[in-house]
Structure formats: C-alpha cells, structure tokens
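Working notes for the structure below.
Chains as they are written, first to last, in the UniProt record's numbering: chain A, 1 to 439; chain B, 1 to 439.
Right, here's the structure in full:
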C-alpha cells in the first residue's frame with residue numbers, strides 16, 4: 001500500500017505512478033485468440049467440443065451436451081435454499097425497476113416547415129452474455145447482464161458460461177432463469193465469444209456480446225468487434241473512497257477490502273483529509289486481513305495497488321478523483337451530494353456513510369458492470385442503452401424539400417458529389433411526382 | 001448490377017450473396033498500423049512530422065506547422081462565397097437543433113424505502129474528430145462530427161485532417177469554425193489517431209475518437225480502443241430504396257447513384273414490387289451514368305454491388321430490409337410511416353417521395369455518420385450519446401440499508417465474497433456510525 005500526501009514533495013510523481021499503474025496482467029494472447037476464432041469459424045461445434053475438453057475439465061460427447069436443459073435449470077432451482085432465492089428476487093426486482101426507468105423515449109419533431117425529423121429506439125434481436133465460470137461464477141453478474149437486455153426488449157438472450165467439469169453454479173442457473181434468459185451454453189473463453197459472434201451448427205449468432213471475462217475473452221471481444229457489437233473491455237476492478245474524519249474506520253477498511261478481494265490486480269484507494277482516519281483505516285485493514293476468507297487475494301491487491309492519500313480538503317479530493325476516473329466511488333462525508341456535484345468521472349457513485357459499494361454489486365438497482373481502468377472518462381456502465389439502437393428518420397413534404405433543398409444542393413456541389421445534388425435538384429424542378437402509370 | 005426476384009428459384013442464394021458481399025477492400029494493415037502507433041507513442045511530434053512528409057506531400061518544419069492558425073481560418077472564411085456560407089449555416093443550425101433535442105435527462109428516483117438511486121449524464125472532457133482529407137474532404141462531415149460534441153458540452157474538440165500539400169479545403173475550415181472546434185491539426189492516417197489517443201508534445205490526448213477514415217484509420221481506431229473510446233468502425237456506404245410503382249424512375253435512379261458515387265465499394269439496392277419501375281430505374285441509371293461527373297466510381301459500384309430486387313409485396317420488402325440492416329433506407333410508398341413501422345434495422349430512414357437520402361447528408365438535422373455493413377443490427381448513428389457518459393448513483397439511509405442489506409449479504413456469502421458481505425453486515429449491526437472524534 002502506498003501512502004501519499006498532497007502537501008509532501010514527490011506527491012505528483014507518486015500520484016502519476018498510481019494513474020499509470022495499468023494493473024495489466026495481460027500476457028499477449030492475440031495470436032492464440034485469433035487461432036481459436038478461426039477454428040470456431042471453420043469447424044463450428046467440433047472446435048467448441050475440442051476446446052471444452054481441453055480447457056474446462058470435461059468432455060462433452062456432442063454439441064447437444066453444451067446446452068443446459070430445462071430439467072437442469074429446474075434441478076438447480078430446487079437445490080437452492082428459499083432465503084437465497086428470495087434474496088435473488090429482491091435483487092432482480094430492484095435491478096429490473098432501475099433499468100426500466102432508464103428506458104429512453106422516441107423523438108418526433110414535426111417541423112412546421114414541412115420537414116419532420118425524429119429518432120426511434122428499438123431493441124437488438126439477439127445478444128450474447130458472457131459469464132465467467134469457476135471461482136468467479138457470479139449469479140449477480142447474470143442478473144446485471146441479462147435484465148437490462150430483457151427490459152430493452154431483446155428477443156433472444158444467450159448466455160455462455162464455462163462449466164468446470166461440466167457443472168455450473170446452481171445459483172447462476174437460477175439467476176438466468178429469473179432474468180428470462182433464452183439459452184444457456186456451457187462454453188467459455190475465446191471460443192464462446194467466437195461462437196456467439198459467428199455462430200456454429202448449434203449456436204445461432206448474436207448481434208452484440210457483453211459481459212466481463214479473462215484476458216482471452218477480452219481479446220476475443222476486441223477481435224470480433226465490428227462483426228458484432230461489444231461492451232467496454234473490462235479490466236481489474238477499482239474503488240476510490242472519499243472519507244472525512246467522521247467515519248467508522250472498520251467500515252472504510254471493509255469497503256476497501258471488498259474491492260481488493262475480487263482480484264490481486266484490483267485497486268482500492270482511500271482519499272481523506274484526516275490523518276487520524278488514514279491511520280485507523282490502515283490498522284483496521286491489517287486486522288481484517290487476519291481473518292478474511294479471501295485474505296490472500298485481498299492482501300496482495302492492497303499491498304501492490306492499494307493507496308491512502310491525505311489531502312488538504314475535499315475539494316482537492318474531488319480533483320484527484322477526476323484524474324483517477326474510478327469505476328466505483330464512495331463519498332462518505334456529511335453532504336455527499338455536494339461533493340458528488342464536483343465529480344466529472346466515475347462509473348458509479350455510492351453516497352453517504354450507509355452506502356457501501358457492495359450494496360450496488362447486488363441489490364441497489366443500477367448496474368454493476370462498469371467502466372474500469374480510468375475509462376469512465378468516456379465510457380458508462382452497462383444499461384438498457386447497450387441493448388437498444390436508434391434509427392433516425394426524416395420526412396420532407398414537397399414544400400419542406402423546396403425550403404431546405406437548395407442548401408443541400410449548394411453543399412453537394414461544393415463537395416463535388418454530382419448525383420447527390422441532382423437527386424435533390426431534380427425533385428425541386430419537376431412538379432410531376434410520377435411518370436409511371438398506377439399499377 | 002444483380003437482378004433478383006423473390007418468386008424465382010435461386011433467390012435465396014442470390015440474396016445471401018448480397019448479404020455476404022463484404023465489400024471489404026481491407027488489405028491487412030494491422031502490422032503497419034501498430035508500427036505507426038508505437039512510433040508516435042515513442043517519438044511524439046517527430047513521428048508525426050516524418051509521416052506527414054512521407055505521405056501527405058508536404059514537409060512541416062516544426063510541430064507548430066501542424067496546427068491550423070486562426071488567421072488561416074479567417075482567410076478560409078473570407079475566400080468562400082456568401083451563398084455557400086449561408087448553406088453551411090442552414091445545415092449547422094438544423095443539425096444543432098436536432099442534436100439538442102436528442103439530449104437525455106438525468107434520472108433521480110427517491111425511493112420511499114430509504115434507497116435513492118439515479119443516473120447522471122455528463123460530457124466527455126475532450127474528443128478527437130477524424131476528418132478524411134483529399135478528395136473526400138467533406139465539410140458536412142465536420143458539422144456532423146463536431147456539432148453533437150459541442151451540443152453535448154464537450155470542453156475540447158480537436159480535429160485531425162490530412163492536408164494534401166499542406167492545404168485543407170477552406171470549407172472544411174469554415175465548418176470547423178462554425179461548429180466551435182477548439183483545435184485543427186493538419187495530420188492524418190493512423191498517426192493522427194495515435195496522436196489523439198496517446199498525445200504528443202503538441203497534441204494533448206483526448207478521451208474519445210470519432211469519424212470515418214480509410215483502412216489505416218479504422219485499424220488504428222480498433223487498436224487504440226480501450227485507451228480511448230471510439231465510434232463504430234465505418235465501412236463503405238450503402239442505401240436500400242423501397243419503392244412502389246408510383247415513383248419517378250429518374251428520382252430513384254439518382255438516389256441510387258448518389259450512394260454509388262461515394263465509393264466503388266458502396267452498395268445501392270432497389271427493392272420494388274413493380275417490374276415496370278425496376279426496368280425504368282435500370283434504364284435511367286444507365287442514362288445518368290453517361291453524364292454524371294463521378295460516373296466512373298458510381299458505375300463501378302453499381303456494376304459490382306448494385307441490386308434490383310423484385311418482391312411480391314412491400315411486406316416482403318420489409319423482411320428483406322431487416323436482413324440487410326442498411327445504413328440508409330428510403331421508403332418511397334404512399335404510406336411510408338406504416339412501412340417504416342415494420343423495419344427493425346436501419347441507420348437512418350428517409351420517408352416519402354420528397355426525401356432523397358442526400359437531404360440527410362447535409363441539412364435535415366439527424367447525423368449522417370451511420371452504421372454500415374449490416375451493423376445497424378446493433379449500432380446507431382453518431383449522436384450526443386457518443387459524447388456523454390453516465391454515472392449511476394445510490395444513496396442509502398440507515399433504514400434503507402437495513403431494508404435491502406440482508407439480501408446483499410446473502411448473495412455475497414453465496415458468491416464467497418466475505419468482505420463484500422461484512423462491509424454491509426457490519427453497518428447493519430453497529431448503531432454507532434463513528435468511533436472517531438470530530439476533527
């Protein structure tokens with residue numbers, strides 16, 4: 001863990017090191033991933049079967065084995081304690097409600113000048129959701145990925161999730177069921193992304209692929225971008241906590257560790273104007289690391305990427321936060337909304353002392369799939385917008401075209417595009433709309 | 001030009017060939033582009049100067065020569081005829097008004113249960129707009145790229161445009177001026193994209209890069225994606241025209257040719273239920289190609305990628321259109337809105353007989369930077385949304401956390417994330433919000 005103070009010399013160098021701490025665990029996988037994609041495009045299901053046998057620790061006999069059956073989903077549901085299913089329902093209902101409120105409205109501007117223009121939103125036909133498997137098989141991610149698609153009105157939602165030894169966490173299946181997923185495929189890695197983008201004999205291609213994954217998944221998404229849409233390439237997770245003196249240091253410590261326990265490459269940063277809080281939080285982190293179940297991961301993250309930054313005041317904290325553009329931001333001060341108003345870049349904000357980031361990971365409602373690695377400068381969390389697209393439209397009356405047509409003709413001629421100009425001018429000069437006989 | 005009829009055998013094979021006609025002129029440029037990006041990252045301005053001298057036909061002496069001065073912009077404005085400036089103003093005013101109407105509103109849901117959630121939109125700090133140079137230096141593209149950024153509230157808008165022999169089309173400079181662009185750089189190709197993404201000694205980095213370009217520009221955007229945001233990778237342009245018998249075939253022919261004259265790889269498709277119109281349009285296209293200034297390009301596009309498809313009825317036309325997911329769609333029938341309601345995928349639609357696509361290229365208002373190559377299945381045209389991002393937020397009261405916290409704890413425990421669960425449960429069980437003395 002790095003300790004910095006804005007009043008000390010060397011602060012800027014230390015802070016820049018934090019900004020440039022890519023936490024990039026990427027081994028170069030481009031070539032491996034393009035070979036996998038090429039194999040899936042060429043061989044289809046056969047390649048999926050081969051890769052699954054090689055990497056997932058089970059050998060499907062046929063492509064049909066890759067698909068999770070309705071009976072398996074039923075069995076999973078039956079195996080889950082009622083209180084856990086109830087928790088899943090609380091989460092699903094709140095996530096669904098938030099994303100429903102996010103739905104945009106169409107635009108329909110009927111110009112008095114005879115030129116009507118507008119914009120219409122519509123859902124994608126089919127989307128693929130990647131869900132990491134193994135130790136990171138998170139039912140909450142299934143809800144966060146699938147529900148916005150469903151709320152947007154997507155017709156077909158296909159999930160790909162690697163199944164270690166053929167098995168998938170029952171709660172993942174329950175979440176998929178609750179979210180109204182159409183298909184669940186026991187396929188992972190770059191081969192799953194390739195199958196969703198290009199299709200195989202069994203898996204129909206989708207129009208967009210979303211969801212986090214490892215380096216292979218991220219590189220595969222990058223490579224199929226253009227063929228299908230993708231969401232942002234997710235990197236390791238991060239949190240910045242702005243906290244004044246009036247906080248329980250154990251709360252702050254656990255919030256930092258909740259982020260750190262995700263991944264050794266995760267980053268947790270406390271920015272405070274209280275040296276006493278900084279000390280107490282650091283001590284509390286050390287204490288909690290003695291007992292936390294994932295202390296190994298969290299401890300390594302905190303040691304290598306954690307930071308405590310002492311600032312003169314919260315104004316300064318806001319300025320540093322805008323440079324960090326964090327994925328998650330907790331604002332634990334007396335008037336969190338006033339400080340939030342000074343933040344330009346953050347994926348998601350958690351306001352006040354009673355709003356640990358973990359509440360947003362599960363049940364608050366907003367999405368937990370968020371832009372990492374300073375990309376909240378330009379990117380946003382997953383939302384219904386990821387599953388909608390816009391068609392703009394124009395409708396000119398004869399008078400409308402006469403009003404704005406000459407400007408278009410002048411610009412087309414200036415750009416040397418003759419047919420563009422003629423396609424407008426010919427309509428301005430011919431009063432006979434048709435020379436064809438009615439059929 | 002390919003002629004198909006849905007009533008003839010072999011239709012499906014022919015239509016599939018159209019769908020799979022990638023029109024992909026991409027020579028593989030990945031390696032060349034990564035070398036260029038690496039050089040710009042390492043050498044900065046020096047690499048820009050070298051590449052500009054090598055490829056743009058002029059040799060800037062220093063990096064300062066790369067920047068267009070205010071005096072140059074003034075001189076450009078003074079050189080342009082008043083009627084052309086007036087046409088630019090008509091276009092700019094309409095484009096600005098449309099994009100202003102597009103601005104979304106924030107979400108603020110004050111839950112009665114003590115859990116407030118919301119979503120806040122904010123502009124990007126800085127964006128780069130790529131504008132193709134040379135023969136394709138289009139002032140209209142400058143307006144279409146820069147005005148949405150400006151309407152969104154972006155603070156810094158930097159344009160990169162290659163200047164053949166150092167010169168830039170004066171109308172491009174005028175458009176940039178009219179659109180409120182902050183900086184104009186005489187730099188093109190992959191090196192421009194690299195400079196905007198990574199910054200050089202002269203050019204500060206931006207957060208997102210948009211705008212169409214050649215294969216090098218597209219590949220460079222793909223490679224810097226993640227470091228900065230990008231828009232969709234633009235391919236060759238296309239139009240689908242749905243027209244019934246009651247149309248002037250010369251209008252339809254010119255609309256097809258307006259698309260075809262962009263690029264040999266452009267694609268123009270007429271879908272009609274009238275064999276007579278199909279014949280008359282084909283004849284008119286042949287006639288117009290004798291006199292059009294860009295007949296060489298348009299003729300090659302029409303010959304290699306053009307198509308006329310005869311359908312039984314307009315219902316069938318809508319179904320084929322949804323498979324084509326065209327960038328531009330003209331609907332030239334008696335009730336264009338009814339037919340438009342059946343279209344799920346199109347970048348932009350032009351309704352009725354008085355709305356040639358070219359009107360949308362210049363002055364209608366909606367953006368002309370649109371998803372090509374069937375990507376309107378999942379992508380949308382450029383808009384204010386490209387220059388905004390969202391921050392979601394949550395604020396729990398103590399009672400709010402008590403209400404939804406237990407569900408979060410249950411899910412965190414099920415996912416094996418101990419610190420997540422503790423960060424919530426410790427707040428539920430401690431009634432003392434702070435053990436720290438007030439500072």
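Where is the CB? At the ideal position from N, CA and C, for every residue including glycine.
Taking Cβ-Cβ distances shorter than 7 angstroms, what residues in chain A pair up with residue i?
i	result
residue 115 of chain B	364
Taking 9 angstroms as the threshold (beta carbon to beta carbon), is residue i in contact with chain B?
i	result
residue 438 of chain A	At residue 438 of chain A, the pLDDT of 35 sits below 50, so the modelled position is not reliable and the matter cannot be decided from this model.
residue 177 of chain A	no
residue 434 of chain A	With a pLDDT of 42 at residue 434 of chain A, under the threshold of 50, the modelled position of that residue is not reliable, and the figure given next carries that caveat. Closer than 9 angstroms: yes.
residue 16 of chain A	no
residue 76 of chain A	no
residue 226 of chain A	yes
residue 392 of chain A	yes
residue 420 of chain A	yes
residue 88 of chain A	yes
Please report the distance separating the alpha-carbon of residue i from that of residue j.
i	j	result
residue 389 of chain A	residue 326 of chain B	13 angstroms
residue 312 of chain B	residue 174 of chain B	49 angstroms
residue 155 of chain A	residue 204 of chain A	13 angstroms
residue 276 of chain B	residue 249 of chain B	10 angstroms
residue 3 of chain B	residue 132 of chain B	34 angstroms
residue 185 of chain B	residue 238 of chain B	30 angstroms
residue 61 of chain A	residue 49 of chain A	8 angstroms
residue 14 of chain A	residue 412 of chain A	54 angstroms
residue 253 of chain B	residue 428 of chain A	16 angstroms
residue 439 of chain B	residue 97 of chain A	Reliability fails at residue 439 of chain B, whose pLDDT of 34 lies under 50, so the model's placement of it is uncertain and the value that follows must be treated cautiously. In a straight line, the C-alpha of residue 439 of chain B is about 40 angstroms away from that of residue 97 of chain A.
residue 21 of chain B	residue 262 of chain B	17 angstroms
Taking Cβ positions, are residue i and residue j nearer each other than 9 angstroms?
i	j	result
residue 392 of chain A	residue 345 of chain B	no
residue 397 of chain A	residue 118 of chain A	no
residue 235 of chain B	residue 372 of chain B	yes
residue 148 of chain A	residue 310 of chain A	no
residue 358 of chain A	residue 423 of chain B	yes
residue 417 of chain A	residue 258 of chain B	yes
residue 318 of chain A	residue 289 of chain A	no
residue 229 of chain B	residue 124 of chain B	yes
residue 163 of chain A	residue 45 of chain A	no
residue 269 of chain B	residue 351 of chain B	no
residue 128 of chain A	residue 208 of chain A	yes
residue 171 of chain B	residue 80 of chain B	yes
Given that residue i touches chain B, what residues does it touch there, using C-beta distances under 9 angstroms?
i	result
residue 125 of chain A	322, 344, 345, 377, 378
residue 182 of chain A	By Cβ distance, chain B contributes nothing, its closest Cβ being about 17 angstroms from residue 182 of chain A, past 9 angstroms.
For chain A, is any of its Cβ atoms less than 9 angstroms away from the one on residue i?
i	result
residue 212 of chain B	no
residue 2 of chain B	no
residue 263 of chain B	no
residue 424 of chain B	yes
residue 254 of chain B	yes
residue 290 of chain B	no
residue 427 of chain B	yes
residue 352 of chain B	yes
residue 145 of chain B	no
residue 188 of chain B	no
residue 5 of chain B	no
residue 33 of chain B	no
residue 202 of chain B	no
Cβ-heavy atom distance between residue i and the ligand NAP below 8 angstroms?
i	result
residue 98 of chain A	You won't find the ligand NAP in this model; it holds no ligand whatsoever.
Check whether chain E comes within 9 angstroms of residue i, counting only Cβ atoms and requiring the distance to be less than that.
i	result
residue 119 of chain A	Note that chain E does not occur in the displayed structure, where the protein chains are A and B.
Under 9 angstroms between beta-carbons, which chain A residues line up against residue i? List them in chain order, please.
i	result
residue 313 of chain B	Here the premise fails: no neighbours, minimum Cβ distance about 11 angstroms.
residue 445 of chain B	Outside the shown range of chain B, which is 1 to 439, sits residue 445 of chain B, and nothing can be said about it.
Closer than 8 angstroms by beta-carbon distance: list the chain A residues that pair up with residue i, in chain order.
i	result
residue 10 of chain B	The premise fails here: residue 10 of chain B is roughly 23 angstroms from chain A at the closest Cβ pair, so nothing lies under 8 angstroms.
residue 233 of chain B	225, 226
residue 474 of chain B	What is shown of chain B runs 1 to 439, which leaves residue 474 of chain B out entirely.
Which chain B residues sit within Cβ distance under 8 angstroms of residue i?
i	result
residue 22 of chain A	Chain B residues near residue 22 of chain A: none, gap ~10 angstroms exceeds 8 angstroms.
So with CB distances below 7 angstroms, who are the chain B contacts of residue i?
i	result
residue 397 of chain A	354
Please go through the stretch 158-183 of chain B and give each complete alpha helix (DSSP H) segment of 4 or more residues, from N-terminal end onward. 170-178
Going residue by residue through the stretch 356-430 of chain B, where are the continuous beta strand (DSSP E) segments of at least 3 residues, counting only ones entirely within it? 388-396
If you scan the stretch 20-75 of chain A from start to end, which runs of the alpha helix (DSSP H) of 4 or more residues do you find wholly inside it? 30-43, 45-55
Where are the beta strand (DSSP E) runs, 3 residues long or more, that stay fully inside the stretch 185-268 of chain A, in chain order? 208-210, 238-243
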